[in-house]
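So the protein sequences, as listed, match chains V and B.
First residue of the first sequence: 1, per the working numbering; consecutive thereafter.
First residue of the second sequence: 1001, per the working numbering; consecutive thereafter.
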Amino acid sequence: MIKLTYLEFDGTPHQVEVEEGMTLMEGATLNMVPGVEGMCGGICSCATCHCYLPGDGKLDIPSASSGEDAMLDGVAERRPTSRLGCQVRVTPEFDGIVIHLPKVQGSGD
Amino acid sequence: MTAAVHLDPYDHQFHWDPYPYYKRLRDHDPVYYNEQLGIWLLTKWEDVNRAFRDFKSFINTGAVSLEPDSGEKLPFPMFIFSDPPDHTRVRNLFAPLMTPESVKRLEDYTRQKAIALIEPHVSSRKFDFVADLGCFLPMDVISSLTSVPAADQDMVRGWADDLIAREDKQHDLSERNVTGYMNMAKYFGEHAEKHAAGPHGDDLIGILMRAEKEGALSRNQVIGTLILLAIAGNETTTKLIGNMAYRLWQHPEQRRMLVENPALIPKAVEEVLRFDGSSQIIVRRVGQDIEMRGKKLRKGDRVGLCIISANRDADKFPDPDRFDVSRGSRDHMAFGFGLHSCLGASLARMEVKVVFEELLRRIPNYQIQEDRLARAHNPNVRGFTNVPATF
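Following this line, the structure appears as structure tokens:
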């Protein structure tokens, strides 16, 4: 199991354990972390698992596909570190990292 | 207090227009217990949403279909009947194939199939939206991913129809239901055997057989998944096509908007999913004692999540009984919500969009013969078997 922290927009931390191979969305929803909806269940079609990865470049993970990139265009407050949690698989190098969650999920409408 | 509301999801008459019954339940008894069936029915959006989200209080193991003994009578394991983390591991095998980006690769194939099914009927000026198209297309597309040959597809579809068919107020699985299931199990057992040695492509059958080889799935799980795909990839989309044709006929001014501006069709698909989705009720079991709106639900109780009722809840959707193709709400729960959300949602959306793009281009005006409409009867899936029209 990999220990990582989801940090809500208001600063509330949620330290959880996630099984390797699960996605960041599943890591949050399986632990009932508020601030991640995961409405579509992980098929990259709702953009309600938006999260910010650490921006220090230490995580060596595959970049977003064009489909994920297009979905991210629709989220409120996209940043260079934005990813959809359902498209990021948790590997051992996620151990100890902090995932920041946005103020709102989806487009914010 | 008004007179007690009664709702039997197996009543054929109820299937024709269930919405007034659901409204009465939402207004008077939103956490309703049907004593005869021994099942709770949740009808408010907020409650159904809670049940979808709280996967520990509302579990899938031993549930999903309405019949309590279906797990014993239909013995091949389907991941839909399991819970995280096992469920999540199996689901993740297929999720990459089901994203909108992956599904887009099937769009041309789907369009050519749709055109081939529509064109022969254009000159005859008669068309049945389900019997001439809806029943064939989704089975064809899912079969292209599971390598079921064209010559076998009608047979498999017939068995899937046998499995879901319910006589009026038939509360238990019938011999026809179980035989349909067993025929599928035998067929897919032989199908898996044929594909076990490979080569394993990147389609569904390739992913399944590779997972079996690597020890992630048992043969019975492979068979169960193929049966699940033959039902889920087929029955619900078929019925959604029929429901959309029917609602667009009832609302010609809305249909005209789509004919004039086909770019609105994806929004219209969302509105049909909300207004008249084909997945009526999905069942959970209570995983730990909980209280909802003053009612005590005990561990092990069965709970029906009435999706099409939640999607007409005025506390969630303003003016919910108004069909409006420009509404475009995506927070309906026609595909469920969260970890168990429909894996084929993008595929279904793409198929129905393509079908209506091609249909409305060729048949912009049509008259449905209402007296000849016919329904499939099942408590989970709701829709027509025949939607005959002239134009």
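Virtual Cβ for every residue (Gly too), placed ideally from N, Cα, C.
These numbers were taken from a predicted model, which means no experiment stands behind them.
Residue i in three-state terms, based on DSSP
{"i": "Thr48/V", "result": "coil"}
{"i": "Tyr1366/B", "result": "coil"}
{"i": "Glu8/V", "result": "coil"}
{"i": "Gly1189/B", "result": "helix"}
{"i": "Met1292/B", "result": "strand"}
{"i": "Lys1073/B", "result": "helix"}
{"i": "Phe1317/B", "result": "coil"}
{"i": "Leu1359/B", "result": "helix"}
{"i": "Pro1388/B", "result": "strand"}
{"i": "Lys1267/B", "result": "helix"}
{"i": "Ile1115/B", "result": "helix"}
{"i": "Gly1180/B", "result": "helix"}
{"i": "Gly27/V", "result": "helix"}
{"i": "Arg1375/B", "result": "strand"}
{"i": "Val1005/B", "result": "coil"}
{"i": "Gly1398/B", "result": "Outside the displayed range of chain B (1001 to 1391) lies residue 1398/B, so it cannot be described from this structure."}
{"i": "Leu1347/B", "result": "helix"}
{"i": "Leu1093/B", "result": "helix"}
{"i": "Val1325/B", "result": "coil"}
{"i": "His1195/B", "result": "helix"}
{"i": "Leu1297/B", "result": "strand"}
{"i": "Val1048/B", "result": "helix"}
Proximity test, Cβ basis, 8 angstroms: residue i and chain V
{"i": "Ser1057/B", "result": "no"}
{"i": "His1087/B", "result": "no"}
{"i": "Ser1341/B", "result": "yes"}
{"i": "Met1098/B", "result": "yes"}
{"i": "Ser1346/B", "result": "yes"}
{"i": "Ala1095/B", "result": "yes"}
{"i": "Glu1046/B", "result": "no"}
{"i": "Glu1214/B", "result": "no"}
{"i": "Phe1317/B", "result": "no"}
{"i": "Gly1338/B", "result": "yes"}
{"i": "Pro1138/B", "result": "no"}
{"i": "Pro1084/B", "result": "yes"}
{"i": "Glu1101/B", "result": "yes"}
Chain B contact for residue i (CB, 8 angstroms cutoff)
{"i": "Thr29/V", "result": "yes"}
{"i": "Glu26/V", "result": "yes"}
{"i": "Pro54/V", "result": "no"}
{"i": "Ile43/V", "result": "yes"}
{"i": "Glu19/V", "result": "yes"}
{"i": "Cys40/V", "result": "yes"}
{"i": "Lys35/V", "result": "Rather than Lys, the amino acid found at residue 35/V in this sequence is Gly. Chain B contact via Cβ: absent."}
{"i": "Gly67/V", "result": "yes"}
{"i": "Met22/V", "result": "yes"}
For residue i, the residue or residues it bridges with in DSSP
{"i": "His14/V", "result": "Tyr6/V"}
{"i": "Leu1041/B", "result": "Tyr1032/B, Gly1304/B"}
{"i": "Phe1058/B", "result": "Val1286/B"}
{"i": "Gly1336/B", "result": "Ala1334/B"}
{"i": "Ile1080/B", "result": "DSSP output for Ile1080/B lists no bridge partner at all."}
{"i": "Val104/V", "result": "Paired residue(s): none; Val104/V is not in a bridge."}
Whole-angstrom distance between residue j and residue i, CA atom to CA atom
{"i": "Asp60/V", "j": "Lys3/V", "result": "17 angstroms"}
{"i": "Glu1190/B", "j": "Glu1351/B", "result": "29 angstroms"}
{"i": "Ala1185/B", "j": "Gly1134/B", "result": "24 angstroms"}
{"i": "Leu1041/B", "j": "Phe1127/B", "result": "37 angstroms"}
{"i": "Asn1243/B", "j": "Glu1270/B", "result": "12 angstroms"}
{"i": "Val1387/B", "j": "Tyr1366/B", "result": "11 angstroms"}
{"i": "Arg1255/B", "j": "Asn1261/B", "result": "10 angstroms"}
{"i": "Leu1106/B", "j": "Val1141/B", "result": "8 angstroms"}
{"i": "Leu30/V", "j": "Met1155/B", "result": "39 angstroms"}
{"i": "Gln87/V", "j": "Val1048/B", "result": "26 angstroms"}
{"i": "Pro1379/B", "j": "Phe1076/B", "result": "21 angstroms"}
{"i": "Arg1327/B", "j": "Trp1249/B", "result": "18 angstroms"}
{"i": "Gly85/V", "j": "Leu1097/B", "result": "17 angstroms"}
{"i": "Leu1163/B", "j": "Pro54/V", "result": "50 angstroms"}
{"i": "His1195/B", "j": "Lys1296/B", "result": "49 angstroms"}
{"i": "Leu1025/B", "j": "His1087/B", "result": "32 angstroms"}
{"i": "Ala1165/B", "j": "His1012/B", "result": "11 angstroms"}
{"i": "Ile1207/B", "j": "Asp1054/B", "result": "30 angstroms"}
{"i": "Thr1002/B", "j": "Asp1276/B", "result": "Because Thr1002/B carries a pLDDT of 49, less than 50, the predicted location of this residue cannot be relied on, and no value is offered for it."}
{"i": "Met22/V", "j": "Pro1266/B", "result": "31 angstroms"}
{"i": "Pro1018/B", "j": "Ala1095/B", "result": "33 angstroms"}
{"i": "Pro1138/B", "j": "Lys1104/B", "result": "15 angstroms"}
{"i": "Gln15/V", "j": "Cys40/V", "result": "24 angstroms"}
{"i": "Thr1237/B", "j": "Ile1308/B", "result": "15 angstroms"}
{"i": "Leu1305/B", "j": "Glu1035/B", "result": "16 angstroms"}
- Task: At 4 residues or longer, and completely inside the region 1202–1265 of chain B: list those alpha helix (DSSP H) runs for me, N to C.
- Result: Entirely contained in the region 1202–1265 of chain B, the alpha helix (DSSP H) runs reaching 4 residues are, in chain order, 1204–1213, 1219–1232, 1235–1250, 1252–1260.
- Where are the beta strand (DSSP E) runs, 3 residues long or more, that stay fully inside the region 30–97 of chain V, in chain order? Taking 3 residues as the shortest admissible run, the region 30–97 of chain V contains the following complete beta strand (DSSP E) segments, listed from N- to C-terminal end: 50–52, 82–84.
- Message: Restricting to runs no shorter than 3 residues, where is the beta strand (DSSP E) found entirely within the region 1097–1180 of chain B?
- Response: Counting only runs of at least 3 residues, the region 1097–1180 of chain B fully encloses the following beta strand (DSSP E) elements, listed from N- to C-terminal order: 1126–1128.
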